[in-house]
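Residue numbers (mature numbering (1 follows the signal peptide of the UniProt record, and there is no 0)): -20 to -1, 1 to 394.
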């Protein structure tokens, strides 16, 4: 090999080493995005993603949505796997949804989606605006005409992603669920602000399904549905330091729609403040389902003017869709609930029945523990503070520990 060839090889190796140590920044504006709040930018975002995803020698890569700009983006899928060891999707400006017509002929359940991406971080101090009001007026919850719709896009969906961080962002007015985590693992959500009107239909804050090792903390969520919902086939879910309200509380479920087999375990919810929610902590399973939900703990809870602070409903069906309810009308839930703990809960209930454990007749709940629960009537609920709240339970087996208010004599002790 000649001297020039040797020098060329050495320089090439040095260049590769230099590139491999460098973090690359990819700005969507450099690929044609226009942040004027009107221009549609999905192709520019996809071009920026494709370049970012294919950077062979970069240890990490940043795709940047700059501050002070609003980018309208049609439905878009950011597909992996990618070449860099880490990808950071940094949102400093606003990403805004188009009108419903943009979904004509395509999947109406998603807007921004990441699929098969590992070691992904989506963060910044920007906003994802779903412009949901255009969809809410079409929802069957608000509109009972034949042309009403039952599905609308989630603001952001993660499918088959691993080692993912979602943090430091604001989500407003999603058409339906704000964040969906599906078929994913090792997923950390922190420091989010999620906001939609309490009258907005099906606007869950975060929904998790078919996923494991998901951790959600230090976030404020207020919407027209569950602050956080945990669906079928989930395990090792940790939720802590959440401000929830308005909304429907934090739910394990609904589980087992359509008679499916449920496998849910190792769920831990702690240090949650519920403010004027229609439920506090809820487990809901469909009649006709099978399987199990077990090892579930709710602790260090504070309820302020909450309906149904503690509730298990194993006869759930969505009354908005009578066909679904009719199909399971004669069924019992076959989902076995076991080892469910409620510990260190205080606050006020709007409803007289503050603890409601409505378990399956065919497979009763077992291993329920209520430990140090002190609930009292909300002052504006037309009752005095000294009035008594009550508990209600059916087919619920377990025990109590410490002070329990209201008392729960209906809990079956073995």
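Note that the Cβ used here is the ideal one computed from N, Cα and C, for glycine as well.
C-beta contact flag for residue 190 and residue 206 at 7 Å: Cβ atoms of residue 190 and residue 206: not closer than 7 Å.
Expected contact under 8 Å - CB spacing of residue 176 and residue 203 to nearest Å: 4 Å
Beta carbon of residue 230 nearer than 7 Å to that of residue 214: Going by C-beta atoms, residue 230 is not nearer than 7 Å to residue 214.
Given 8 Å as the limit, is there contact between the segment 287 to 294 and the segment 239 to 246, that is, 3 or more CB pairs closer than that? As far as the Cβ criterion goes, the segment 287 to 294 does not touch the segment 239 to 246, which means the pair count is below three.
Since residue 150 is in the beta strand (DSSP E), which residue starts that stretch and which ends it? 150 to 152
Shortest alpha-carbon distance to residue 223 belongs to which of 232, 14, 251? 251
Given residue 72 as reference, the closest of 338, 8, 130 once Cα atoms are compared: Looking from the CA of residue 72, the closest CA among 338, 8, 130 belongs to 8.
Residue 111: which of 343, 234, 53, 144 sits nearest, CA to CA? 53
Is it the case that the Cβ atoms of residue 386 and residue 325 are separated by a distance below 7 Å? no
Boundaries (first-last residue) of the alpha helix (DSSP H) holding residue 140: No alpha helix (DSSP H) contains residue 140, which DSSP labels as neither H nor E.
Local Cβ density within 10 Å of residue 317, reported as buried at 16 or more and exposed below that: buried
Which residues mark the beginning and the end of the beta strand (DSSP E) in which residue 341 is found? Here residue 341 belongs to no beta strand (DSSP E), and DSSP marks it neither H nor E.
Under the three-state reduction of DSSP, which class applies to residue 32: helix, strand or coil? helix
Residues bridged to residue 196 [DSSP beta-bridge criterion]: 169, 219
Residue 230 - partner residues in DSSP beta bridges: 208, 261
For residue 345 and residue 267, what's the separation of their Cα atoms in angstroms? 14 Å
With a cut-off of 8 Å on the beta carbons, I'd call residue 55 and residue 90 a contact; round off their distance for me. The pair is a contact, with the Cβ atoms about 7 Å apart (cut-off 8 Å).
With C-beta atoms as the reference, is residue 159 less than 7 Å away from residue 194? no
Thinking just about the alpha-carbon of each residue, which of 130, 104, 107, 106 is nearest to the one in residue 116? 130
Is it buried or exposed for residue 81, if we count other Cβ within 10 angstroms and need 16 for buried? exposed
Exposed or buried, which one is residue 354 when buried takes at least 16 other CB atoms within 10 Å? exposed
Among the residues of its own chain, which have a CB less than 6 Å from the CB of residue 321, if the five just before and after it don't count? 277, 349
Residues bridged to residue 95 (per DSSP): Under DSSP, residue 95 takes part in a beta bridge, and its partners are 59, 139.
For the alpha helix (DSSP H) containing residue 113, list its first residue and its last residue. 113 to 116 is the extent of the alpha helix (DSSP H) around residue 113.
Am I right that residue 98 and residue 60 are in contact with their C-beta atoms under 8 Å? What's the rounded C-beta distance? With 8 Å as the limit, residue 98 and residue 60 qualify as a contact, their Cβ atoms being about 7 Å apart.
Top-ranked residue by Cα proximity to residue 168, from 147, 137, 383, 384: 147
Same chain only: Cβ atoms within 8 Å of residue 400, ignoring 5 sequence neighbours per side: The shown model of the chain, from -20 to 394, leaves out residue 400, and the question about it has no answer.
DSSP beta-bridge partners for residue 369? Answer is none; residue 369 lacks a bridge partner.
Can you have a look at residue 381 and say buried or exposed, based on whether 16 or more other CB atoms are within 10 angstroms of its CB? exposed
Any idea which residues DSSP pairs residue 357 with across the strands? In the DSSP assignment, residue 357 is bridged to 329.
Rounded to whole angstroms, what is the Cα-Cα separation between residue 3 and residue 101? 14 Å
Relative to the C-alpha of residue 51, which candidate in 66, 14, 42 has its C-alpha closest? 14
From what residue to what residue does the beta strand (DSSP E) around residue 296 run? Taken as a continuous stretch (DSSP letters only), the beta strand (DSSP E) holding residue 296 covers 290 to 296.
Under 7 Å, do residue 242 and residue 210 count as touching if we go by C-beta distance? no
Between 150, 133, 103, which has its C-alpha nearest residue 181's C-alpha? 133
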